[in-house]
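First residue of the sequence shown: -19, per my numbering; consecutive thereafter. Just so you know, even glycine gets a beta-carbon here, dropped at the ideal spot from N, CA and C.
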Amino acid sequence: MRKPVLLDLFCCAGGAAMGYSRAGFDVVGVDVVWQFNYPFRFVEADALTLDLDWLKTFDAIHASPPCQSYTALTSRTGTGDDWPRLIEPVRDLLQSTGLPYVIENVEGAPLNDPMVLCGTMFDDLRVLRHRLFESNVLLTAPGPCRSHPLCHTLDKRKNHYGSTDEWTDYVSVNGGGNSSVAAARDAMGIDWMTKGELNEAIPPSYTEHVGRQLLAHLGHV
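1. Measuring straight from C-alpha to C-alpha, what distance separates residue 73 and residue 6?
2. Between residue 79 and residue 27, how many whole angstroms is the CB-CB distance? I'm expecting something under 8 Å.
3. Put residue 92 into one of helix, strand or coil per three-state DSSP.
4. Going by DSSP, name the residue or residues bridged to residue 10.
5. Which value, in whole angstroms, describes the spacing of the CA atoms of residue 76 and residue 68?
6. Can you tell which of 179, 108, 4 has the C-alpha that lies nearest to the C-alpha of residue 192?
7. So for residue 211, helix, strand or coil by DSSP?
8. Between the region 86 to 100 and the region 110 to 124, do at least 3 Cβ pairs fall closer than 8 Å?
9. Going by the CB atoms, is the gap between residue 183 and residue 107 shorter than 8 Å?
10. To the nearest angstrom, how far is the alpha carbon of residue 84 from that of residue 119?
11. Please return the same chain residues whose Cβ sits closer than 6 Å to the Cβ of residue 172, not counting the five positions on each side in sequence.
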């Protein structure tokens, strides 16, 4: 039996792709910017201009449209309009293919009836990293979101400064400098990305979990 092939739109450096690969998919990534560290076959293109007939050659599609306009930070600063809002046109595109699809984004994004994943649901992760997943396939989380532990900090103003370890406790992987790159890679389960790429990535464990459910839907179990 041939392996099903998943198209990974807005792929960045391939955190989502690696999870789908581990689940059992062959993966092809698409991004408008060349991704030197993407670990699978890559196509440099604008996702919204892709040929519909080509899209239909895949077995499933994942998309992670830009999240910046939906984040808590842009909500606080009122800068959401500085970034593209692509969820609606991406959803229209994916629905037009008739294929199983997944759209991933941050909390606050206008996704339809999304499943929420948190790093506390996965024993191999040390990040919180709440992410939403919309799909036309029924998706379930591996368990409840557990109580959030303290994240390691280098900020001396924080009450728990000095009481955590970046190699054993949770870390915040974002634009701040609260952990080393090596510890951030370890916490996310990603060993091939730069710090900037890690900041935008999702842990492969998330899409490995999603990918297994897509494979079951497709009859590949």
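A quick look at the data gives this:
1. 21 Å
2. Actually they are not in contact, since the Cβ atoms of residue 79 and residue 27 sit about 14 Å apart, beyond 8 Å.
3. coil
4. -11, 23
5. Going from the Cα of residue 76 to the Cα of residue 68 covers about 12 Å.
6. 4
7. Since the first residue of the chain shown is -19 and the last is 201, residue 211 is not available in this structure.
8. yes
9. yes
10. 12 Å
11. In chain order, 17 place their CB closer than 6 Å to the CB of residue 172, counting only its own chain and leaving out the 5 sequence neighbours on each side.
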